[in-house]
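What follows is a short report on a single structure.
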Amino acid sequence: MFTGSQRDFLFVQSATEMGGAEVVLLNLFECSPELRRRSLVANLAFGSGDLPRRLRAAGVEVVDLQNARIRDVVGVARTLASLRRLIRSRGVRAVVGNGDHPQILGGLAARLAGARSVFLDHMIYAWPWWKLPALEILAVKGPADLMLCVSKAARDALQRIRPGVQCQLLYDGTPEREVSAAEAGAAREELGVRPGEVLFGVFGRLQRWKGQDVFVSAAIEVARARPGSRFVVVGGSVFGLEPEFFASLRQRVRERGLDDQITFTGFRTDVPRLMAACDVVCHTSRVPEPFGLVLIEAMMLGRPVIATRGGGPSEVIASEDLGVLVTPDDPAALAAEMIRLFDDRARREAIGAASAAHVRANFGIERMARELIGQLDSLP
Numbered sequence: 000m001f002t003g004s005q006r007d008f009l010f011v012q013s014a015t016e017m018g019g020a021e022v023v024l025l026n027l028f029e030c031s032p033e034l035r036r037r038s039l040v041a042n043l044a045f046g047s048g049d050l051p052r053r054l055r056a057a058g059v060e061v062v063d064l065q066n067a068r069i070r071d072v073v074g075v076a077r078t079l080a081s082l083r084r085l086i087r088s089r090g091v092r093a094v095v096g097n098g099d100h101p102q103i104l105g106g107l108a109a110r111l112a113g114a115r116s117v118f119l120d121h122m123i124y125a126w127p128w129w130k131l132p133a134l135e136i137l138a139v140k141g142p143a144d145l146m147l148c149v150s151k152a153a154r155d156a157l158q159r160i161r162p163g164v165q166c167q168l169l170y171d172g173t174p175e176r177e178v179s180a181a182e183a184g185a186a187r188e189e190l191g192v193r194p195g196e197v198l199f200g201v202f203g204r205l206q207r208w209k210g211q212d213v214f215v216s217a218a219i220e221v222a223r224a225r226p227g228s229r230f231v232v233v234g235g236s237v238f239g240l241e242p243e244f245f246a247s248l249r250q251r252v253r254e255r256g257l258d259d260q261i262t263f264t265g266f267r268t269d270v271p272r273l274m275a276a277c278d279v280v281c282h283t284s285r286v287p288e289p290f291g292l293v294l295i296e297a298m299m300l301g302r303p304v305i306a307t308r309g310g311g312p313s314e315v316i317a318s319e320d321l322g323v324l325v326t327p328d329d330p331a332a333l334a335a336e337m338i339r340l341f342d343d344r345a346r347r348e349a350i351g352a353a354s355a356a357h358v359r360a361n362f363g364i365e366r367m368a369r370e371l372i373g374q375l376d377s378l379p
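Residue numbering for the sequence shown follows numbering that gives the first Met the number 0, beginning at 0 and increasing consecutively.
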């Protein structure tokens, strides 16, 4: 059933829609011929997204398996049996679960097949662990030989829960994407930004914990204080989560009469182009972000970032010359920093240049791929 050449690594992936963990996985395979040559991906096919197609387009071998929710005992048993056969037939040494659901099934299948289990953790898990949702408990307390964490904050939280399992730091990475000045200028025109105006953007799936409503509240204050400011909210509801949140944001903007200054694009596939169109990119999560992929994507493009303090952002923006950190869930603090950057073009440009160099040196996707392969090869 699962014929083909031998592979060292099997990545288990559940969601097909493009969240942060999925973007990282795709970027890793797109950048690393070695990872493509030595790996295959088990697609558990939840959602209606195009990640499997995009992986295949990048030259990745993807094996489609029947999906199974954890509460479906029979379905889980079938999926585990399929994973076990796949691991054994292809000689897989290490099974990598990319998130909670993949780790639950991947970790168990690795044990059944005699392979090593690796958890690629994109979360900061709360303490005490026994109050976590059931899915998270099964992921963090299940079989694992190595846990790779996207920030020190994520690693420290996981080490507290699993002190007997090796937890290593593996910062997310991003590719260096080329966006010309002409492309960025065309995007600004499409968004209705006039010459001399300052465009602030926020990027990510629309969920309350991501704090786009904090951005909108701050934008309302900035728009009143600085009429030459413009704002864009890029992203939509992903995985079917909180679809009403978008409607509430639009309604609030309409009530303030700011439809001409605050634009909602919905889900977009041209995020680098829209980021390059911005003068400042904002990150507004209410809770500590495990890493903050948006930050390094914007910084790689030379855009200054205002981010909420805590978690990964405090590790990425390690000094004042690399960006601005603000208190979470504080629209007034965010608005104040937006106004400061609005008024100081030279500071915007200096932060953008310094942050781009910092990300190229420390958060490139090639670096992440090399470290990941090294960690997997180090398993006994």
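Glycine is no exception: its CB is placed at the ideal position from the N, C-alpha and C atoms. Remember, predicted model here, so these are calculated numbers, not experimental data.
- Residue Leu24 holds the alpha-carbon nearest to the alpha-carbon of Val11 among Leu24, Ala180 and Gly3.
- When the alpha-carbon of Ala349 is set against those of Asp278, Ala57 and Thr283, the nearest one is in Asp278.
- Nearest to His121 by alpha-carbon distance, out of Leu157, Arg87, Ala133 and Gly256, is Leu157.
- Taken in chain order, the complete beta strand (DSSP E) segments of 3 residues or longer contained in the stretch 210-245 are 228-233.
- Taking 3 residues as the shortest admissible run, the stretch 55-126 contains the following complete beta strand (DSSP E) segments, listed from N- to C-terminal end: 61-63, 93-97 and 115-120.
- Counting only runs of 4+ residues, the alpha helix (DSSP H) found wholly inside the stretch 245-333 occupies 270-276, 292-299 and 310-315, in chain order.
- Residue environment for Pro132: exposed (fewer than 16 other C-beta atoms within 10 angstroms of its C-beta).
- Your pair Glu182 and Ala275 checks out as a contact, with CB atoms roughly 7 Å apart and the cut at 8 Å.
- Around the C-beta of Gly163, fewer than 16 other C-beta atoms lie within 10 Å, and the residue is accordingly described as exposed.
- By the neighbour-count definition (other C-beta atoms within 10 Å, threshold 16), Ser354 is a buried residue.
- Residue burial is scored here from C-beta neighbours: Asn361 has fewer than 16 other C-beta atoms within 10 angstroms and is therefore classed as exposed.
- The beta carbons of Gly200 and Cys281 sit about 7 Å from each other, so the pair counts as a contact at 8 Å.
- The way I'd put it, the stretch 321-338 doesn't touch the stretch 255-269; fewer than three beta-carbon pairs between them come closer than 8 Å.
- Three or more pairs of CB atoms, one per stretch, sit closer than 8 Å, so the stretch 169-176 contacts the stretch 139-154.
- By the Cβ test, the stretch 28-36 is in contact with the stretch 366-376, since at least three Cβ pairs between them sit closer than 8 Å.
- Residue state for Met146 is assigned as strand, using DSSP reduced to three classes.
- The Cβ atoms of Lys209 and Arg285 sit closer than 9 Å to each other.
- In summary, Pro226 is exposed, with fewer than 16 beta-carbon neighbours lying within 10 Å of its beta-carbon over all protein chains present.
- Beyond the five residues adjoining it in sequence on each side, Glu196 comes within less than 6 Å, by CB distance, of Gly227 and Arg229 in the same chain, given in chain order.
- CA-CA distance, Leu27 to Phe290, rounds to 16 Å.
- Nearest to Gln102 by C-alpha distance, out of Ala20, Arg346 and Arg223, is Ala20.
- The alpha-carbon of Pro174 is positioned some 6 Å away from that of Gly363.
- Here Glu288 really is in contact with Gly310; their C-beta atoms are around 5 Å apart, less than 8 Å.
- Per DSSP, Gly200 lies in no alpha helix (DSSP H) segment; the continuous beta strand (DSSP E) that holds it begins and ends at Val197 to Phe202.
- For the pair His100 and Val72, the Cα-to-Cα distance works out to about 14 Å.
- For Leu137, the secondary structure class from DSSP, reduced to helix, strand or coil, is helix.
- A distance below 9 Å separates the beta carbons of Val95 and Phe8.
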